[in-house]
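Worksheet for the structure shown next.
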Amino acid sequence: MSRDIKRIGVLTSGGDAPGMNAALRAVVRKGIFHGLRVYGISRGYEGLIHGELTEMSLGSVADIVLRGGTILKTARSAEMMTPEGQQKALEQLHKHEIDALVVIGGDGSFRGAQTLAKGIQIVGIPGTIDNDIPGTDLTIGFDTAVNTVIDAVGKIRDTATSHERTFVVEVMGRHCGNIALQAGIACGAESILVPEIPFDYDEICEKLKRGHQRGKNHSIIIVSEGAGSAYKIGEELHSRSGFDTRITILGHLQRGGNPSALDAVIAAAMGGKAVEIIMAKETNKMTAYVNQKVVSIPLDVAYGEMPPFNTELYDLANQLSI
1 MSRDIKRIGV LTSGGDAPGM NAALRAVVRK GIFHGLRVYG ISRGYEGLIH
51 GELTEMSLGS VADIVLRGGT ILKTARSAEM MTPEGQQKAL EQLHKHEIDA
101 LVVIGGDGSF RGAQTLAKGI QIVGIPGTID NDIPGTDLTI GFDTAVNTVI
151 DAVGKIRDTA TSHERTFVVE VMGRHCGNIA LQAGIACGAE SILVPEIPFD
201 YDEICEKLKR GHQRGKNHSI IIVSEGAGSA YKIGEELHSR SGFDTRITIL
251 GHLQRGGNPS ALDAVIAAAM GGKAVEIIMA KETNKMTAYV NQKVVSIPLD
301 VAYGEMPPFN TELYDLANQL SI
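Position one of the sequence shown corresponds to residue 1 (full-length UniProt numbering), numbered consecutively onward.
Here is the structure:
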C-alpha cells in the first residue's frame, strides 16, 4: 500500500479481556504521537456496520490503563458473518476515510477483519483470556484471569477446610485447558481436569481417599468447562467417594477486574507495535508476545494449529498432588 496513512480505526471484539483498555490507550496515543487521527469504533463489528465511529483524543483514553473490560464495548455481530454485512462495514470505513483498522480480539475477530482487507490495512492484537491463539506465547487477559482464579480458590479453600469438603471449581476454557492448568498448579489443586486429556473418576476418587487417609480433610478440583459439567462431575465424585462435595462456577468473574501488571505491559507494547506495523504500511499482521518480546507475525498464523498442550506441566501437577 503506497498511500499515506492518515486515519486509523480501532475496535474491540469478541469476549472482553483485562488489558484491552491498555492496548486501546496505546493505539490511540501512539497513533496521535505519529500525527494520525484515530477513530474508536463502539460495539465491535456491530458498531462498525452502523457507523458508530468517534474520533479519539489523548483525553479519550485517560485513566483507563488499569481499568478492566473495554470502554469501546464489544458485541457479537451475526450480520458481520454475511457478505452484505461485510460490505456495509467496508463502506463505513471508506466513508470515514479510514486507512487501517486495528482489531483487538480473538481469532474469530481476526477472521472478520480479513473480510475487510480490500484496500484497508488490517492489524490484529490478540485479546482473550483463554490464551488459545497460535503464534503468541500469551494473549491479553490470560495472566489476569489465572490470577483471578487463584484468588478465588484461595477463598474457597478456606471454607473447604472449615467444613471438610471437596470443592469442584469450574473455570473458563471451552476448548483449551490453559487457565485450569496454570491456576491449578499455582494453587495446589488436588486434580486438574482439562478437555485435552481424558480423566478417570476412579483415579480422582483414589487420590481423594489417599489424602483423607493421611489426614487431609479438604480438596480442590479445578475443572475447565470444556472437560465437562462441574455439577455432573461433583455428583459422580460424591457418589463414588462419599465425600461431601460442593460446586463453584467462576464464570465471567474471570473476565473482569483490573489487568495484572504483566497484562497491562504486554497490552501497551502490543498496541504500540500495531501502530508501528501500520506506519510501515504492512497489512494482515498480528502482534505477538514471543520470548518476552512483542513482534509482528502474519495474521494467518492465528488460524493455525495450537501448540501441543503442556503435558509436562500437567504431569508435574499430578505428581505434586499425590
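By construction, the Cβ of each residue, glycine as well, lies at the ideal position given by its N, Cα and C atoms. Because the structure is a prediction, the values reported are computed rather than measured.
When DSSP states are grouped into helix, strand and coil, residue 66 belongs to the coil group.
From the listed residues 316, 58, 273 and 133, the smallest Cα separation to residue 122 is found for 273. Around the Cβ of residue 210, a 10 Å sphere holds fewer than 16 other Cβ atoms; the residue is exposed. Look at the beta carbons and you see the segment 7-24 touching the segment 125-136: at least three pairs across the two are nearer than 8 Å. Taking a C-beta distance under 7 Å as the contact criterion, residue 285 and residue 262 do not qualify as a contact pair. Secondary structure note for residue 297: its beta strand (DSSP E) is the uninterrupted segment 293-298. Uninterrupted alpha helix (DSSP H) stretches at least 4 residues long and entirely within the segment 79-155 occur at 83-95 and 107-114, given in chain order. Taking residue 166 as reference, the option from 227, 98 and 218 with the minimal CA-CA separation is 218. Contact between residue 26 and residue 268 is confirmed by a C-beta separation of about 5 Å, below the 8 Å threshold. Here residue 8 is near residue 38, since their CB atoms are less than 7 Å apart.
For residue 29, the enclosing alpha helix (DSSP H) begins and ends at 20-33. By the C-beta criterion, the segment 183-197 is judged to be in contact with the segment 222-236, since at least 3 inter-stretch pairs fall below 8 Å. Shown here, residue 210 sits in a helix according to DSSP, grouped into three states. With 16 or more other Cβ atoms inside 10 Å of its own Cβ, residue 314 counts as buried. Residue 55 is bridged by DSSP to 39. A Cβ-Cβ contact shorter than 7 Å links residue 179 with residue 173. According to the DSSP assignment, residue 289 belongs to the beta strand (DSSP E) that extends over 285-290. Note on residue 83: under 16 other CB atoms within 10 angstroms of its CB, so exposed under the neighbour-count rule.
The alpha carbon of residue 244 has as its nearest neighbour, out of 250, 234 and 251, the alpha carbon of 234.
Per DSSP, reduced to three states, the secondary structure at residue 229 is coil, with no helix or strand assignment. Here DSSP, grouped into helix, strand and coil, assigns residue 272 to helix. Secondary structure note for residue 11: its beta strand (DSSP E) is the uninterrupted segment 7-12. Annotated three-state conformation of residue 192 is strand, per DSSP.
In the structure shown, residue 311 falls within a helical segment according to DSSP collapsed to helix, strand and coil.
In this structure residue 44 is buried. Its beta-carbon is surrounded by 16 or more other beta-carbon atoms within 10 angstroms. Excluding the 5 residues flanking it on each side, residue 154 has same chain C-beta neighbours closer than 8 Å at 187, in chain order. About 6 Å separates the CB atoms of residue 24 and residue 61; that is less than 8 Å, so the two are in contact. Secondary structure at residue 197: coil, using DSSP grouped into helix, strand and coil.
Contact between the segment 99-113 and the segment 251-265 is absent, with fewer than three C-beta pairs closer than 8 Å.
In this structure, residue 102 lies away from residue 28, with their beta-carbon atoms at least 7 Å apart.
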